[in-house]
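Engineer: Chains as they are written, first to last, in the numbering used here: chain A, 2 to 383; chain B, 230 to 541; chain C, 2 to 254; chain D, 51 to 341. Note that beta-carbon positions come from the ideal geometry of N, C-alpha and C, so glycine has one too. Below you will find the structure I want to go over with you.
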Amino acid sequence: MRGMLRKTIGGMAFAASIMNSAIAAEPIKVGSVLSVTGPAAFLGDPELKTLQMYVDDLNKKGGLLGRPLELVHYDDGSDANKANAFAKRLIEDDKVDFIVGGTTTGSTMSMVPLVEKAGVPFMSLAGAVVVVEPVKKWVFKASTTDRIAAERVLTDMKKRGMTKIALLSDTAGFGQSGKAQTESVVGKYGITLVANETYGPKDTDMTPQLTKIRNTPGVEAIFVFGFGQGPAILTKNIKQLGIELPVYHAHGVGSDEFIKLAGPAAEGVRALAPALMISDKLPGSDPQKPIVANYVKAFEERWKDRVSMFGGQAHDNFFIVVDAIKRAGSVDKAKVRDEIEATRKYIGTGGEVTMTPTDHMGLDLWSLRMLEVKNGTWVEAQ
Amino acid sequence: MMMTRRYLGLYLVAATIAVLPLLIPNGFYLDLVIRMGINAVIVLGLNLLIGFAGQISMGHAGFIGIGAFATAVLPTHFGWPPFAALLAGAAAAGLLAAFVARPIFRLKGHYLAMATLGLGIIINIVLRNEAKYTGGPDGMPVPPFTLLGLTVDGDRQWYWIVSAILMVSVWASINLMNSPFGRALRALHGSEVAAQVVGVNITRYKVTIFVMSAVFASLMGSVTAHYVGFVSPALADFGHSIELITMVVVGGMASVFGSLVGAVLLTALPQALATFEGWETVAFGVILILCMIFMPRGLVPTLAARLGGRRP
Amino acid sequence: MTLLSVASVSKIFDGVKAVQNISFEVDRGIIFSVIGPNGAGKTTLFNLITGVYVPSEGDVRIDGVSVAGKPPHELAALGVARTFQNLQICMNMDACENVMVGAHLRLDRNLLKAAFRFPALARRDRDIKQEAEELMRFVGLEDYVGARADGMPYGALKRLEIARALALKPRLLFLDEPAAGLNPKETLDVDGLVRKIADSGVTVVLVEHNMKMVMNLSDRILVMDYGKKLVEGTCDEIRHHPDVIAAYLGAHA
Amino acid sequence: MFAEFLQFLFSGLTIGATYALAALGFTIIYNASNVINFAQGEFIMLGGMLAVYFTDAGLPMPVALPLAVLIPAIAGALMARLTIEPIKGAETVTLIIVTIGASLVIRGLIQVWLGKASHGLPAFSGEKPIRLLGATLMPQSLWVLGVSALLVLALWYFFNRTLTGKAMLATSFNRVAAELVGINTGWVLFMSFSLSAGLGALGGILVTPITLTSFDAGIMFGLKGFVAAVVGGLGNGLGAVVGGLLVGVIEAFGAGYLSSAYKDAIPFVLILFILFFMPRGLFGVKITDRV
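If you want it as structure tokens, here you go:
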């Protein structure tokens, strides 16, 4: 259990920086609004842990531009309306230099109008493509989108010559926006959705939907868009019903936890994930190997907990800004924004990021690896 | 004596509203105050129903959702003028309330709670599922409020608008509760049969006040939507309904000013607890329990009684 | 001449016959008492006539208008008022407001006029407050004007109910055991009060256990037993009726 | 399409049984105190989470599971003592708020202590589905259904045949009278809370292999349990179970035949209709208020 009444990392940051006899200058304020509780806690929790970890870490190393960092964090409880209020607080009251977060698309979108108005560099951790399309001046997100996920899966299906698939998405933001993206791009791959079902993120049995899918003629594969416990239960139900079709999951389940929950039923399931999730199996030649390895090591030492790709996204977005600030040599918001947009070939846990004025996301289709469960562990699928 | 006494609190509220802008250090606090004002109006309407008439509604957030999304959807997808959308939302909420009220108010106690809860959840599910219009769980942006070519923007403007609405609502509520209509409502809370035998058509009164509070909620839903510039179905979910009831009960049932106090405190609380790092939930729960144990009738009535004054 | 006529009314609660085939008539301006042992069905009869229950059979007419099955608030509109055996006071209001509610039907109930406090409505409301306070004095509650209902003693609350009923300006007033649980002094006061009410031209139907009070007030008496009508008549007739003595007074004698 | 129908039915019964277990908890407490305990779902969550925690901690099942039932039972009694007793007789709404407060505390503590991840338990009798006329059912579902059935019988016996049970019922009907005949109503209150907390926890353990669990699993159970209890008719054990199964089955058929997007709304629509025609639920007692 962590220090309960710790207002922000600020106090410790000062303590640390003074100990290292670094100049205790005016701190650089890192703002963040994350869904640390509520339905999206599963995403927000590792994101917050990652930010706390690296803010402390940088402070131990003497801070940034010789100034300590102070993390000001608020938990929106997965409620977009609260996120909006907290964003206002970060901008107007805490006067932060940049903002990381907005765990869910809803939270992010409710904050966007405010950051655009105030002109604060904003790195979203949300999944939906609407965050960066159309491009918004101050809004970036160096984390994969649901469209990339959809296209990546469909590419793989096409390669295996599939033309008729069933889509099963959760009714939360993640699944619904994923569903919309999938529906919009399937055509490109000559694939049709012969079944299109949904399930509630807290549902405890999806056999009715799966029975319908099983009874739909011609289904060649099942594509599941969701995260958390839903996909695990689904995978068990598929096994229970004796459905032999190949199963694909979007990004968000590629974790050991999923295998633990789904048990033997997970065998053979395919899912998207960044290199991070198979760090130990990456070949030494892989450009992402070192950064991924470091992140995993640091996170597991500090939190005695497994890494998740969402924490990894927090890492990438945070350091893209840190680098931008270094290059800008100041925290002048406009300068920092321009430098973020000028990010080239940044290697993160989620892939290689190259921002442009027209692309505030900067990842390509191959940033997500196609994994498969083989004898109870994730391996890269052939 | 009644006159001055009755409006004492009203003057107090007016004074507070007048001086607040001078004390507010920055935009965040202004934002907080505006949200308090919006909630206060909603809670006032809900208190007329729960506190005065004694009829619980656990689905009121649903009506807020109707207003909020009418305001977001109609102008965005159908090019309605915002004001028309706001009225349409209120009308929709009112009609829905009127339509379900008769059967619902044959129910009592927990059965009524259940029915209203169900109503709210159904509305919420519709808002989540009709993603084509509502943007689904992620919600959607809302165009600014314009009327006769004038656009409301800037929190200062919203502050005065919300304050005006609040003042009128408080004034009207006080009047209402001290009128034949209001007495009839309170009477049916005290004893339905007693109210009936003196000529009160209790069903009609329950329906009327239910519809009224639904319309209140819908209107303020629209205001919230315009003010925040964004709506999500979370605005209409079960949790929000409970939040509102909590404001009513903590502030004080059947107390106009209790509604205000409840709204102000419980809107500020999450902001105050925001820095508790994962302990917010626990802290919030503990505070709720303590409030109910030490002032079961709610803050304002309990304090009023302590100070020997009558209930406002 | 007849104000209330009850024609062979019965009420059956899932199988149990609480009231069976009761008929009687009450003339204007009199005090009519219904007596009988506990559980004889007197209160049920009241509930049937005042619309709280719906009769299983039979008809109730007020001034020739059939009201059987009409909801209580419609009977109130016809000038029927009542009090309750076990108190039905609104403890969430103060004493005076309880009486003011009684005048409900005589006031402007418009919601908007109320919300924006139209002068006319406000004025009328102030008058009603006056009137209510007078009524409280009339029933002997002068000490409780402006008191909160939940702070008042039982005896006072009984009268408060009477005041509330009177605020309706009824033609026909049903009093369900107004003296129950009162001490002799209070009982005497209520006795006088009922007389005053009757003299003011209100027809009173009374359920009461206190025989002294019944005998000294009533013009006519109906005796019930086991939900059935035993006899009906003047005080003297009742006093000397063998069945009554056997079934009822006998038990007390 | 009988196999399909049967599959939906099995699914509905599986979900419904979990709702029924939740509803039973509401029933017990309501019978003893007329309180609707919105923290009931949290006890179910506690059962599951603690079972996971203790087994992960290496305790053998025979130790872990009783502990996972005992601790919530104690928590229940504590809740009654600390939150309900001080305000007994308060307005319905006030009591609702207090129990909601309690549920927040429990949920919050678990979230801080055991984290936000989801967990599962191994099924009691293996993961091999039972095939029947083309439909399949997990053995664990039978466990849940069976135990719920046993609980209903046990509760019926308890409330109608044992002195303690009758004492509880008496208290709910008329606290004062109960005290007059020498029933310790305070004790009855603790008793009922720890009993329903314990049962809830037991249910939580049983369903975890099917539904998985996490710190916020209680919200859903609390809501659906309340719905089921009301539909069945508050205070009626059989009604609670029927209500639970009904809601579950309607959801499953809704998802299967109508729309998976609206499957959660369908039961509520039907329930509203049921209440319109049966204002006290399916098995609720009709009360004519004496005046």
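Throw me the rounded Cβ distance for the F52/D and L183/D pair, which I believe falls under 8 angstroms.
Structural biologist: The Cβ separation is near 7 angstroms, so the contact holds.
Engineer: Would you say R330/D reaches chain B, if we count a Cβ-Cβ gap shorter than 8 angstroms as a contact?
Structural biologist: Yes - at least one Cβ of chain B is within 8 angstroms of the one on R330/D.
Engineer: Using CA coordinates, which residue listed in L189/C, V208/C, L174/C and V10/C is at the minimum distance from G30/C?
Structural biologist: Looking at the Cα atoms, L174/C is the closest of the given residues.
Engineer: Is it true that the CB of S470/B sits closer than 8 angstroms to the CB of H289/B?
Structural biologist: It is a contact, given that the beta carbons lie within the stated cut-off.
Engineer: Please state if the CB of I65/D and the CB of G304/D are separated by a distance shorter than 8 angstroms.
Structural biologist: Going by C-beta atoms, G304/D is not nearer than 8 angstroms to I65/D.
Engineer: Could you check where the alpha helix (DSSP H) with W193/D kicks off and where it finishes?
Structural biologist: Note, W193/D: alpha helix (DSSP H), P189 to R211.
Engineer: For A393/B, would you say it is in contact with chain A, using Cβ-to-Cβ distances shorter than 8 angstroms as the test?
Structural biologist: It does not: the Cβ of A393/B has no partner Cβ on chain A nearer than 8 angstroms.
Engineer: Ends of the alpha helix (DSSP H) at L252/D?
Structural biologist: Unbroken alpha helix (DSSP H) run through L252/D: T235 to T261.
Engineer: For F445/B, which residues from the same chain have a beta carbon less than 6 angstroms from its beta carbon, with the 5 sequence-adjacent residues on both sides left out?
Structural biologist: These residues qualify, in order along the chain: G274.
Engineer: Against chain A, does P179/D count as a neighbour if the rule is that its beta carbon must be under 8 angstroms from one of theirs?
Structural biologist: Closer than 8 angstroms to some Cβ of chain A, the Cβ of P179/D qualifies, so yes.
Engineer: 8 angstroms is my cut-off, CB to CB: does H339/B come that close to chain D?
Structural biologist: By this cut-off, H339/B is an interface position.
Engineer: Is it buried or exposed for N376/A, if we count other Cβ within 10 angstroms and need 16 for buried?
Structural biologist: With fewer than 16 other Cβ atoms within 10 Å, it is exposed.
Engineer: How about L70/A and V31/A: do their beta carbons lie closer than 8 angstroms?
Structural biologist: In this structure, V31/A lies closer than 8 angstroms to L70/A by Cβ.
Engineer: Can you tell me the Cβ-Cβ gap for L207/C and F33/C, rounded? I've got them flagged as a contact below 8 angstroms.
Structural biologist: L207/C to F33/C, Cβ: 7 angstroms. Contact.
Engineer: Which residue wins for smallest C-alpha separation from V27/C, given the options A123/C, T204/C and L183/C?
Structural biologist: Selected option, being the one with the closest Cα: T204/C.
Engineer: In its own chain, which residues sit with a C-beta less than 8 angstroms from the C-beta of V429/B, not counting the 5 before and 5 after it?
Structural biologist: Same-chain partners within the cutoff: A413, A416 and L417.
Engineer: What span of residues does the beta strand (DSSP E) with F224/A cover, start to end?
Structural biologist: That run of the beta strand (DSSP E) goes A222 to F226.
Engineer: Per DSSP, Y249/A is paired with what?
Structural biologist: Answer is F224/A and R271/A.
Engineer: Can you name the residues of chain D whose CB is closer than 7 angstroms to the CB of G201/A?
Structural biologist: Going along chain D in sequence order, the residues near G201/A (Cβ under 7 angstroms) are D314.
Engineer: Starting from Y456/B and walking both ways along the alpha helix (DSSP H), at which residues does that stretch end?
Structural biologist: I431 to V457 is the span of the alpha helix (DSSP H), which, as asked, contains Y456/B.
Engineer: Output needed for L161/C: all residues of its chain with C-beta closer than 8 angstroms, excluding positions within five of it in sequence on either side, in chain order.
Structural biologist: Hits under 8 angstroms: I90, A96, N99, V100, M137, V140, L142, Y145, A150 and M153.
Engineer: What does DSSP give as the partner residues of I348/A in its beta bridges?
Structural biologist: Paired residues: E353/A.
Engineer: What residue does the alpha helix (DSSP H) around S318/A start on, and which one ends it?
Structural biologist: Before going further, note that residue 318/A is Asn rather than Ser in the sequence given. Its alpha helix (DSSP H) spans residues M310 to A329.
Engineer: Here's the rule I'm using: 16 or more other beta-carbon atoms within 10 Å means buried, otherwise exposed. How should L259/B be labelled?
Structural biologist: The residue in question, L259/B, is buried, as its Cβ has 16 or more Cβ neighbours within 10 Å.
Engineer: Taking CB distances under 8 angstroms as the criterion, tell me whether S36/A reaches chain B.
Structural biologist: Closer than 8 angstroms: no.
Engineer: DSSP on W387/B, reduced to helix/strand/coil?
Structural biologist: It is helical.
Engineer: Based on Cα-Cα distance, which residue from V73/A, K62/A, M124/A and K305/A lies nearest to A315/A?
Structural biologist: Of the candidates V73/A, K62/A, M124/A and K305/A, the one whose C-alpha sits nearest the C-alpha of A315/A is M124/A.
Engineer: Just mark G349/A as buried or exposed, buried being the case when its beta carbon has 16 or more other beta carbons within 10 Å.
Structural biologist: The residue is buried, with at least 16 neighbouring Cβ atoms inside 10 Å.
Engineer: What does L242/A reach in chain D if we use C-beta pairs closer than 7 angstroms?
Structural biologist: In chain order: T186.
Engineer: To be precise: take each residue of the region 250-262 of chain A, compare its Cβ to all Cβ atoms of chain D, and keep it if any distance is under 7 angstroms. Which residues remain?
Structural biologist: Those would be E258 and L262, in chain order.
Engineer: How big is the Cα-Cα spacing for V479/B and I147/D?
Structural biologist: Taking the straight line from one Cα to the other gives about 9 angstroms.
Engineer: Return the first residue and the last residue of the beta strand (DSSP E) that Y75/A is part of.
Structural biologist: Counting along the chain, the beta strand (DSSP E) containing Y75/A begins and ends at L70 to D76.
Engineer: Output the distance between the C-alpha atoms of T142/D and Y340/B, rounded to the nearest integer angstrom.
Structural biologist: Rounded to whole angstroms, T142/D to Y340/B spans 12 angstroms at the Cα level.
Engineer: Identify the contact partners of R385/B in chain A, using a Cβ-Cβ distance below 8 angstroms as the criterion.
Structural biologist: Going along chain A, no residue has its Cβ under 8 angstroms from R385/B, so there is no contact; the nearest lies around 13 angstroms.
Engineer: For A267/D, collect the residues of the same chain with a Cβ closer than 6 angstroms to its Cβ; drop the 5 residues on either side in sequence, then sort them by chain order.
Structural biologist: Excluding residues within five positions, the ones whose Cβ falls inside 6 angstroms are M95.
Engineer: Within the continuous alpha helix (DSSP H) that includes R331/B, where are the two ends?
Structural biologist: P311 to I333 is the span of the alpha helix (DSSP H), which, as asked, contains R331/B.
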